[in-house]
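Enquirer: I'd like to ask some things about the structure below.
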Amino acid sequence: MEAEDAAQEVFIKAYRNLKKYNRMIPFAAWLYKIAFNHCMDLIRKRKWSRLLPFLQGAERGESQIDQHIEDVYFSEPVYLAMTTLSVEERTLLILRGVEEKTYEEIALIMNKNAASLRKKFERTAAIFRYAYSPQEKGGAKHAETVGLLASVTTAYAAVEYFQLKNEQGEVIYQEKDATEAPNTIIQDPDGTMLAFMQKRAEVEEQIAPGTVAAVYIKEHNPKKSVETIIKPFEFNKLEDMQQEVGGQFEIPQELPGGFAFAAGSVEYEVDRDYDKEELYKLAEATDQDFVQQPLQWTDQLSHITVTYTAGEESIRVAITNIEGVADNTVYYVNQDQRRTEKVVVDQIEALYAEQPMRETVLKDIVWVTEHTGAKLEYRISTQSPKWDVEAARKMMKEFLTSK
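In this text, residue positions in the sequence shown follow our numbering: the first is -10, and each later residue adds one.
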């Protein structure tokens, strides 16, 4: 009844605020934002800590599907693992991992930056996996729950290897199934580690965009480790972002199909020269739970993201400096479900792929350039139903000719 009352109040609020609805924003994102804010108020006022994890259940139609989701994703082990997360982290995990919302949609719902949400989700998923694994060690439910998070964290999914090569015939990018990935041993969850990861996430929220710092967190840190926290520069205007990157990149104002610049972020490599002992001394001299030492960005670009929108649809472009990366391999869960083909634009190879999701299809095109003074990986991704391989070719050409 509590959830039903909350849902009813959300729809009443939405009805009363229809005149304020901005048609440039997806209606679903607008409605989710109202629901998110309303439930946050309820949790603050009445401590309904159990409400949020089950909120989205009311929106699913068929009872068998509802029960399946309840059994797998909202079982007791999952719920117990969820309680290790903050309300915001639980919301992010559900919106991305269960609802399969894009980061751009979640950014609108939670009033956050899409780039920072992507990093926060990776940390949140890691915390969840740490907390979940001792609760239920085997069985189909365990496999499906972890499989869901694995597929979301790695993001996408052809039994064969797909490769891109340069003019010398060297492999500069390849995709493999996750079963081919090197074995990684994850130790059993540790309460101290969980608490430390949560504290690190809280500290990162306090650091402004465009900041990089060496941070020593005093609590739950028996090894006295120092963390490097990086917050990319964020931009809402293309001219500001273009001024930041200078002549290294020419960022298009628009992309074919009527997509216009909406937001972007820029991250540089970091000079990680800091003094641990100085941080320890600072920590001893203060009652604060963490201390930080500012670090310097270098002039070498590390990662750029650009979001373009057209009505309710969005396109995300990620440009990553992979200079010095020895093995540029991406591993996909269930790669056989990923429909991939090789295309060539202006004599440059690219991989176009479509990955079926629960309610949509994730599409992307990836290529690597080496003639700009650095080895750069470009990836354009979207869930737009209108996007296909030809649209991907046109957008790729736009970036190739805009340098």
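Positions of the beta carbon are idealized from the N, C-alpha and C atoms, including for glycine.
Being a predicted model, the structure only gives us computed values, none of them experimental.
If we count Cβ pairs, one from each stretch, closer than 8 Å, do we get three or more for the stretch 211 to 222 versus the stretch 189 to 198?
Expert: Touching, per the Cβ criterion.
Enquirer: For Gly236, which residues does DSSP report across the bridge?
Expert: The count along the sequence shown starts at 1 and reaches residue 236 at position 247. Its beta-bridge partners do not exist; DSSP assigns none.
Enquirer: If we ignore side chains and look at the alpha-carbon of each, how far apart do Leu385 and Val334 end up?
Expert: If you number the sequence shown from 1, residue 385 lands on position 396. If you number the sequence shown from 1, residue 334 lands on position 345. For the sequence presented, residue 385 should be read as Met rather than Leu. Straight-line Cα distance between these residues: approximately 8 Å.
Enquirer: With DSSP run on the structure shown, which of helix, strand or coil describes Leu389?
Expert: On the sequence shown, position 400 is the one that residue 389 refers to. DSSP places Leu389 in helix when its eight states are reduced to three.
Enquirer: With the cut-off set at 8 Å, would you say Leu106 and Ala202 are in Cβ contact?
Expert: Here residue 106 refers to the residue found at position 117 when the sequence shown is read from its first residue. Here residue 202 refers to the residue found at position 213 when the sequence shown is read from its first residue. Cβ distance not < 8 Å, so Leu106 and Ala202 don't count as in contact.
Enquirer: Can you tell me which of Ile206, Ala315, Thr296 and Phe250 puts its alpha carbon nearest to the alpha carbon of Ala272?
Expert: The residue you call residue 272 lines up with position 283 of the sequence shown. The shortest Cα separation from Ala272 among Ile206, Ala315, Thr296 and Phe250 belongs to Ile206.
Enquirer: If we call anything under 8 Å between Cβ atoms a contact, is Gln326 one with Thr91?
Expert: Translated into positions along the sequence shown, residue 326 becomes position 337. Translated into positions along the sequence shown, residue 91 becomes position 102. It is not a contact, given that the beta carbons lie outside the stated cut-off.
Enquirer: Taking Leu227 as the reference, which of Pro198, Gln187, Thr168 and Thr296 has the closest Cα?
Expert: The residue labelled residue 227 in the question sits at position 238 within the sequence shown. The shortest Cα separation from Leu227 among Pro198, Gln187, Thr168 and Thr296 belongs to Thr296.
Enquirer: Alpha helix (DSSP H) containing Leu246: first to last residue?
Expert: Taking the first residue of the sequence shown as 1, we reach residue 246 at position 257. Inspection of the sequence shows that residue 246 is occupied by Gly rather than by Leu. Looking at the DSSP string, Gly246 is not in any alpha helix (DSSP H), and its letter there is neither H nor E.
Enquirer: Just the Cα atoms here: how many angstroms apart are Asp260 and Lys375?
Expert: Numbered from 1 along the sequence shown, position 271 holds the residue referred to as residue 260. Numbered from 1 along the sequence shown, position 386 holds the residue referred to as residue 375. The straight-line gap from Cα to Cα measures roughly 43 Å.
Enquirer: Note down the Cα distance separating Phe238 from Gln231, rounded to an integer number of angstroms.
Expert: As a working mapping, residue 238 is identified with position 249 in the sequence shown. As a working mapping, residue 231 is identified with position 242 in the sequence shown. If you take the alpha carbons of Phe238 and Gln231, they lie about 8 Å apart.
Enquirer: To which residues of the same chain is Phe185 closer than 8 Å at the C-beta, ignoring the five residues directly before and after it?
Expert: Translated into positions along the sequence shown, residue 185 becomes position 196. So the list reads Ile206, Glu208, His209 and Asn210, once near-sequence residues are dropped.
Enquirer: Suppose you measure from the CA of Val355 to the CA of Arg368; what does that come to, to the nearest Å?
Expert: One-based indexing of the sequence shown puts residue 355 at position 366. One-based indexing of the sequence shown puts residue 368 at position 379. Val355 and Arg368: Cα-Cα distance of roughly 4 Å.
Enquirer: Please classify Glu348 as buried or exposed, where buried requires at least 16 other C-beta atoms within 10 Å of its C-beta.
Expert: The count along the sequence shown starts at 1 and reaches residue 348 at position 359. Glu348 is exposed by the Cβ-count criterion.
Enquirer: Identify whether Gln344 lies in helix, strand or coil by the three-state DSSP scheme.
Expert: Counting from one through the sequence shown, the residue named residue 344 turns up at place 355. Three-state result, Gln344: strand.
Enquirer: Could you name each continuous beta strand (DSSP E) segment of 3 residues or more that falls completely within the stretch 156 to 233, going from the start of the chain to the end?
Expert: Segments of the beta strand (DSSP E) lying fully in the stretch 156 to 233: 160 to 166, 200 to 206, 215 to 220 and 222 to 224.
Enquirer: If we count the other Cβ atoms within 10 Å of its Cβ and call it buried at 16 or more, is Thr390 buried or exposed?
Expert: Numbered from 1 along the sequence shown, position 401 holds the residue referred to as residue 390. With fewer than 16 other Cβ atoms within 10 Å, it is exposed.
Enquirer: Do the stretch 157 to 173 and the stretch 315 to 322 make contact, defined as three or more Cβ pairs closer than 8 Å?
Expert: At 8 Å Cβ cutoff, the stretches touch.
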